[in-house]
Every structure is written in C-alpha cells, then in structure tokens.
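Note sheet for the following structure.
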Amino acid sequence: MFRLLILASALFILFGCNDSHTEQQTLTVPLVRLLQISPDSTIAERYFPARLEAAQAADLSFQVSGKLVYFPVIKGDQVREGELIAGLDQTDYQLLLESTRVAYAQAERDLNRLEQLRSQNHVSQAQLDEARTVYDRATVELDRAKQNLIYTEIFAPYDALIADRMADKFTQLAAGTPLVRIQDLSRIKVEIAVPEMLLPQVQDPAGYYVTATLPSVPDRQFELSFKEYATEPDPRSRTYRVTFDMENPADLRLLPGMSATVRVALMQDKDPLPVLPLQTLVGEGDQTRVFVYDPDTKQVEQRAVETGRLMAEGIEILQGIQRGEWVVATGAGFLSDGMQVRVDMGPQESR
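Those letters in the sequence shown? Residues -22 to -1, 1 to 329, per mature numbering (1 follows the signal peptide of the UniProt record, and there is no 0), in order.
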C-alpha cells in the first residue's frame, strides 16, 4: 500500500512537470502583431460618349469615263471580295483594243523586216531606230488599251456593305466620279475624346480595360482593343482622339453612326512606394531590416530594406519588400531570423 502511494505520487509529479514544461514552451514562442503591405493598384473608371465607325470605308469610282450599264447593287447589300459591283459600256474600249492590236502587229512586222535588212546594210541605222520607236509606242498603246478595258469594271476590294450609291444606271460618268461607298463592317471602330491629363495612361493598353455599351443593347458589354491615338489635339476642345476597335458580333448588325458609351477602367497606383511605421524597422550596424512573416511556416525572415523619405505615416521603403507581404509591426526587436512566432489577432494593413 505504501509502495503504491509512492508510485502514484511519482506519476503525479512526472505528469505535472510535463504539463508545466509544455505551457512554458508555448509561452517562449514570441507573440507578434503583423501588418500587410496593401495591394498596389486600384481601379478608376471614366466614361466617354462615342459613335461607331466602320473599320475601313472607301468611295469607289471608275478610272475611265463611259456609260454606266451594269449596277445591280443597292444600299445595304453585302458584297464579297472580288465581286463585280459596276460596269461601263465596253464597246468603244474593245474597239480601241482591237485597233491597237493591229497597230502593234504591224509595228512588230516592220521592225523584224528592218532588222533583217539592216544586217545586210540595205537600210540605215536611223531607219531601224525609227522602227523600234514605232514598235515601242505600239506596245505602250496596246498595254494602255488592255488596262482601260479592265478599268471599265469595279470589283469589291474586300468583303463590304454597300453604304451609298452616288449615280444611277445609264448615267454618263467622267473618270474619278464617285459611284458607290463601301464599308468593311467585320470590325467596328470606336473613337473617344480623351483629356490631355489622361492621354499618357491610355497610351499603355496594359494599364486599363475598355468596354462599350449601346442604347440598342443595354444589357451587353463589348470589349474594345486599343488601335491608335492622334498626336495633335482638337483645336477647340484640346482633347485627343483615341481609337479602339472591336469585332462586329455575328448575332448583331452594328452599324456606323450608332451611339455608344465607352467605359475605361484605369489601373492607378494608390501610392508609388509602400510606407511602414518606424517601429517595424530593426537596425543592425548600418543596415536597416524588417521581419517578414511567412503564413505557411509561421516563421519570420529578417530582410534588409532600403528606406526613402520620412513621412507623417512612417517611412518609404524603396526596395526589399513586396506589396501583399506581411511584416512584423510590434515585437520585432525580440526576434531573430527563422524564428517561429505566434500571431496576435487583428493584423493591420499598411500603405
């Protein structure tokens, strides 16, 4: 009975010592409070009125004169690249082509004959040179006649929409008279007027996100891509024209002239540099350091930092830490590199 009592007492003392040792170990792990370097950007939204424009447009005309005899397209028609849009009466041009072919053939025969005679010294060099000149002129006239016949037809240079007709069938047209306006609507251009102060930000497409909404489809947003910007301002408004473009949706038919509202979401820095309270800094010789906390290992890393200006909120950190990292705010003076710490609840956020 006495032995059992002694054994029980010994076990009680042993377990009591172990509990005390565990509690003491917990108390020796430093307790720190953290602050997080805030994210480096925020979104500032700007809205601009805009109108839609065709990705490209052109007024087509004949390069020769004549009577318009083929003109089947009407406004709103869709034409494919290479499709015949209009044609002139080709009668006179075909006759001219045949005439120049005859003249060319005659000039070629004369030149061949005189070259043979010249080789026998039956004609002078001057006569041969004149024959060559006539032949060269006939060649040019033949090429021009062929080209003019080609010019009596207008083909679509790209897939396009017929936006306007400027003449009627059987009209006598002079060369260069605008006949039809076409528009490429596979992509749509959107232009906005940007103030001078925002132009530097808009020049960098990676620094913003642009969408457009239309009154006709208010429940949809269309993503825009930066295309170009004007380098000269409008003389009256002193704003710069910035052009975006977008793919014309297959399920809609967006047309030039439609109004739109463009939303530009600019990514702006909250602060150029992070700012830390002075108590987060630890001096070691001529080096300034902070303790950065790793949530995965629950350990701190001592890291050298370069400081900048002293401000009311603290001191700027030029390099050494990244935004989003956790820094020990209180208790840094009792820590060492690689030490495990306990985190006080209620972490703070720095600038």
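All C-beta atoms, glycine included, are put in the ideal place defined by N, C-alpha and C. Because the structure is a prediction, the values reported are computed rather than measured.
Who are residue i's beta bridge partners in DSSP?
i      : result
Arg301 : Paired residues: none, contrary to the question.
Ile132 : Ala64
Phe269 : Gln280
Ile160 : Ala36 and Ile140
Phe148 : Beta-bridge pairing links Phe148 to no other residue.
How is residue i classed by DSSP in three states: helix, strand or coil?
i      : result
Lys167 : strand
Arg231 : coil
Ile293 : strand
Gln68  : coil
Ser314 : coil
Lys45  : strand
Asp121 : helix
Pro183 : helix
Met236 : coil
Ala104 : helix
Shortest alpha-carbon distance to residue i belongs to which of the options?
i      : options                           : result
Leu184 : Leu202, Val168 and Pro193         : According to the sequence provided, residue 184 is Ala. The question's Leu does not apply to it. Comparing Cα positions, the closest option is Leu202.
Tyr113 : Gln84, Glu59 and Glu225           : Gln84
Gln68  : Gly60, Val158, Thr285 and Lys124  : Lys124
Glu86  : Phe49, Leu120 and Gly44           : Leu120
Val321 : Gln56, Gly309 and Asp315          : Gly309
Ile166 : Arg214, Asn226, Ser215 and Ala190 : Asn226
Ala138 : Asp182, Glu59, Leu313 and Tyr186  : Glu59
Leu176 : Ala36, Ser314, Arg24 and Phe200   : Arg24
For residue i versus residue j, is the C-beta distance shorter than 8 Å?
i      : j      : result
Asp142 : Lys205 : no
Met317 : Gln277 : yes
Leu127 : Leu163 : no
Val168 : Ala282 : no
Ala171 : Asp212 : yes
Val253 : Ile293 : yes
Val240 : Ala28  : yes
Leu30  : Leu288 : no
Glu291 : Val270 : no
Distance, Cα to Cα, residue i vs residue j?
i      : j      : result
Gly311 : Val260 : 7 Å
Gln41  : Lys147 : 17 Å
Thr155 : Val118 : 26 Å
Asp88  : Arg122 : 21 Å
Arg159 : Val180 : 32 Å
Gly65  : Thr130 : 6 Å
Pro178 : Gly44  : 52 Å
Please confirm whether any heavy atom of the ligand HEM lies closer than 7 Å to the CB of residue i.
i     : result
Gln72 : As for the ligand HEM, it is missing from this structure, which has no ligand bound.
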